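Down below is the structure, laid out as structure tokens.
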Amino acid sequence: MDSRQKQEESGMDNQQKQGSLITDYGQITLSKNRYHHRIHLLNIIGEIEGHENLGSSSKTSKYEHILPQLAAVEDDEGIDGLMVLLNTVGGDVEAGLAIAEMIASLSKPKVCLVLGGGHSIGVPLAVSGDVTFIVPSATMVVHPIRMNGTVLGVTQNYEYIERMQDRIIEFTSNHCSIKEEELREIMFNTKELTKDIGSVLVGRQAVEVGIIDRVGGIHTAMNCLYDLINAKKNSKIEQYEHLN
Numbered sequence: 001m002d003s004r005q006k007q008e009e010s011g012m013d014n015q016q017k018q019g020s021l022i023t024d025y026g027q028i029t030l031s032k033n034r035y036h037h038r039i040h041l042l043n044i045i046g047e048i049e050g051h052e053n054l055g056s057s058s059k060t061s062k063y064e065h066i067l068p069q070l071a072a073v074e075d076d077e078g079i080d081g082l083m084v085l086l087n088t089v090g091g092d093v094e095a096g097l098a099i100a101e102m103i104a105s106l107s108k109p110k111v112c113l114v115l116g117g118g119h120s121i122g123v124p125l126a127v128s129g130d131v132t133f134i135v136p137s138a139t140m141v142v143h144p145i146r147m148n149g150t151v152l153g154v155t156q157n158y159e160y161i162e163r164m165q166d167r168i169i170e171f172t173s174n175h176c177s178i179k180e181e182e183l184r185e186i187m188f189n190t191k192e193l194t195k196d197i198g199s200v201l202v203g204r205q206a207v208e209v210g211i212i213d214r215v216g217g218i219h220t221a222m223n224c225l226y227d228l229i230n231a232k233k234n235s236k237i238e239q240y241e242h243l244n
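When we follow the UniProt record's numbering, the leftmost residue of the sequence shown carries the number 1, and every step to the right adds one.
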């Protein structure tokens with residue numbers, strides 16, 4: 001078998017692996033850009049699944065799939081950055097916060113782009129990147145925590161929900177420019193939604209209130225990520241030259 005045939009077979013194997021990652025997890029590694037940076041693309045869609053399986057007809061993002069992938073991104077020296085595409089209705093609070101904390105704690109440059117929607121627990125996910133973008137037509141529904149099922153011990157449950165709400169508000173305000181008081185005001189707004197508490201932010205509105213950094217699409221977001229990666233690499237070179 002000659003080297004050309006081996007390269008072709010290797011290329012086909014890589015394409016099959018990439019195709020499998022897209023089909024199973026909505027993830028792929030991008031590497032054909034002008035800088036030859038290797039970027040892991042993470043797609044968070046549908047409902048964030050928690051400790052219970054959702055129906056087979058629901059599109060979900062499973063934390064048990066996403067968390068190991070994020071750990072692999074951090075561990076892999078060959079991965080230069082992370083691009084997160086977000087289109088979610090929300091879902092399990094603790095699973096969503098776990099994913100958001102993992103993204104925020106990565107040492108690699110990361111950019112988040114809200115497409116379609118970043119609702120409910122999708123808000124902390126949207127702000128977990130170093131720089132965040134939203135397309136003009138995307139929406140973000142910001143509202144308090146909801147609880148389904150039977151509630152025993154109303155006072156204790158209320159205190160638990162209140163503490164969890166504080167965790168979401170603290171994480172969100174720590175990773176964007178909006179202040180806690182302003183976020184609470186938007187979250188507990190009673191004048192906008194007829195059957196719910198909260199606010200709907202469309203595109204630029206999310207930027208104006210300080211939750212998202214910029215309005216832009218995939219081209220702008222990718223170029224921003226390239227710049228972050230280049231800046232980090234240049235910083236490492238400068239540190240090395242200074243030591244020598």
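Ideal Cβ placement from N, Cα and C applies to all residues, glycine included.
Bear in mind that the values here come from a model prediction, so they are computed numbers and not experimental data.
Ordered along the chain, which non-local residues of its own chain (more than five positions away) have a Cβ less than 7 angstroms from that of residue i?
{"i": "Leu115", "result": "Leu85, Leu86, Asn87, Val135, Ala138"}
{"i": "Ser107", "result": "Glu74"}
{"i": "His175", "result": "Ala104, Val127, Ser128"}
{"i": "Ile178", "result": "Val209, Gly210, Ile211"}
{"i": "Arg204", "result": "Pro136, Val215"}
{"i": "Leu30", "result": "Ile39, Leu41"}
{"i": "Ala100", "result": "Pro124, Leu125, Ser128, Phe171"}
{"i": "Ala95", "result": "Ile48, Glu49, Gly50, Tyr63"}
{"i": "residue 245", "result": "Nothing about residue 245 can be read from this structure; the chain reaches only from 1 to 244."}
{"i": "Thr190", "result": "Ile197"}
{"i": "Phe188", "result": "Pro144, Ile197"}
Which same chain residues end up closer than 6 angstroms to residue i when comparing Cβ atoms and leaving out the 5 residues on each side of it in sequence?
{"i": "Asp92", "result": "Ile48, Gly50"}
{"i": "Val202", "result": "Thr139"}
{"i": "Val111", "result": "Met83, Gly129, Val131, Ala221, Cys224, Leu225"}
{"i": "Asp213", "result": "Val131, Thr132"}
{"i": "Glu192", "result": "Ser199"}
{"i": "Ile186", "result": "Val142, Ser199"}
{"i": "His37", "result": "Asp80, Ile229"}
Does the distance from the CB of residue i to the CB of residue j come in under 9 angstroms?
{"i": "Ser61", "j": "Asn33", "result": "no"}
{"i": "Ile66", "j": "His40", "result": "no"}
{"i": "Leu113", "j": "Ala221", "result": "yes"}
{"i": "Leu97", "j": "Phe171", "result": "yes"}
{"i": "Ile197", "j": "Ile168", "result": "no"}
{"i": "Pro109", "j": "Asp130", "result": "yes"}
{"i": "Val141", "j": "Ser173", "result": "no"}
{"i": "Gly118", "j": "Leu125", "result": "yes"}
{"i": "Asn230", "j": "Tyr35", "result": "yes"}
{"i": "Gly122", "j": "Gly90", "result": "yes"}
Where does the unbroken alpha helix (DSSP H) through residue i begin, and where does it stop?
{"i": "Leu183", "result": "180-187"}
What residue does the beta strand (DSSP E) around residue i start on, and which one ends it?
{"i": "Val141", "result": "139-142"}
{"i": "Val200", "result": "199-202"}
{"i": "Lys195", "result": "Lys195 -> no beta strand (DSSP E), and no H or E assigned at all."}
{"i": "Glu49", "result": "39-49"}
{"i": "Ile212", "result": "It is not in any beta strand (DSSP E) - Ile212 carries neither H nor E in the DSSP assignment."}
{"i": "Ile28", "result": "27-30"}
{"i": "Ser61", "result": "60-62"}
Between residue i and the rest of its own chain, which residues show a CB-CB distance below 8 angstroms, the 5 nearest in sequence each way excluded?
{"i": "residue 254", "result": "Beyond the ends of the chain as shown, which are 1 and 244, falls residue 254; an answer cannot be given."}
{"i": "Glu180", "result": "Ile169, Glu170, Ser173"}
{"i": "Arg163", "result": "none"}
{"i": "Glu182", "result": "Val209, Gly210"}
Residue i: beta carbon under 8 angstroms from a heavy atom of the ligand GDP?
{"i": "Gly117", "result": "Annotation note on the ligand GDP: not contained in the displayed structure, which lists no ligands."}
Would you list, in sequence order, the uninterrupted beta strand (DSSP E) runs of no fewer than 3 residues that lie entirely inside the segment 74-130? List check, beta strand (DSSP E) in window: 81-91, 110-118.
Assess contact between the segment 158-168 and the segment 214-229, defined as three or more Cβ pairs (one per stretch) separated by less than 8 angstroms. Is contact present? Verdict: no, contact absent.
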